[in-house]
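Quick note on our numbering: the sequence shown kicks off at 7 and runs consecutively.
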Amino acid sequence: MPPRVPGEKWRYIAFKIEGGQSFARSDFLSALLHDSRGSALGDSFRITVFEGDFGILKVPHKLKENALTVLTSMNSVKGVPCKVVTLKTSGTIRTLKEKYGEFIGPEEHHR
């Protein structure tokens, strides 16, 4: 992720992976980096929460639409067919952790 720019605003995107399988964070990250290559999003994101088939992505607010496009266009992780569904976008991670707490393990919930 690029260095923080003073005054930069962030958006947090909650997403769910549909396909009946859980994935390792590193496998999902590799797939996301591959699918974002060549787009405006590039590697300007961070996976802040990842729990097998649920995650929260942190992106600069100006790249929110690009991130949504990349996420929803993903169709496989580690060669396994799947679909990424975006659930909600927020200006704070706290809002998403409260709303989707049932998907998040206790160690991620209090970070």
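Glycine included, each C-beta is placed from N, C-alpha and C at the ideal position. As the structure is a computational prediction, the values presented were derived from the model and not from experiment.
*Give every residue of the same chain whose Cβ lies closer than 6 Å to the Cβ of Lys84, excluding the five residues on either side of it in the sequence, and list them in chain order.*
Asp33
_Among Thr75, Phe60 and Pro12, whose alpha-carbon lies nearest the alpha-carbon of Gly26?_
Phe60
*asked:* Less than 6 Å between C-beta atoms, sequence neighbours within five positions excluded: which residues of the same chain meet that for Ser28?
replied: Gly58 and Asp59
*Glu24 lies in the beta strand (DSSP E); which residues open and close that run?*
Trp16 to Glu24
_Cutoff 7 Å; reference Glu14; Cβ partners in own chain excluding five residues on either side_ = If we look at Glu14 and ignore the five residues flanking it on each side, its Cβ neighbours are Pro66.
*Please check the pair Ile23 and Ile62, which I expect to be a contact at CB under 8 Å, by giving their CB distance rounded to whole angstroms.*
13 Å between Cβ atoms; not a contact.
*In DSSP terms, what Ile62 is bridged to*: Beta-bridge annotation (DSSP): Ile62 is paired with Ala20 and Val55.
*Measure how close the beta-carbons of Gly97 and Arg43 come, nearest whole angstrom, since I'm counting them as under 8 Å.*
Actually they do not touch by this definition, with Cβ atoms about 27 Å apart.
_Residue(s) in a DSSP beta bridge with Arg82_ = Correcting the residue type first, residue 82 is Ser in the shown sequence and not Arg. According to DSSP, Ser82 bridges with Pro87.
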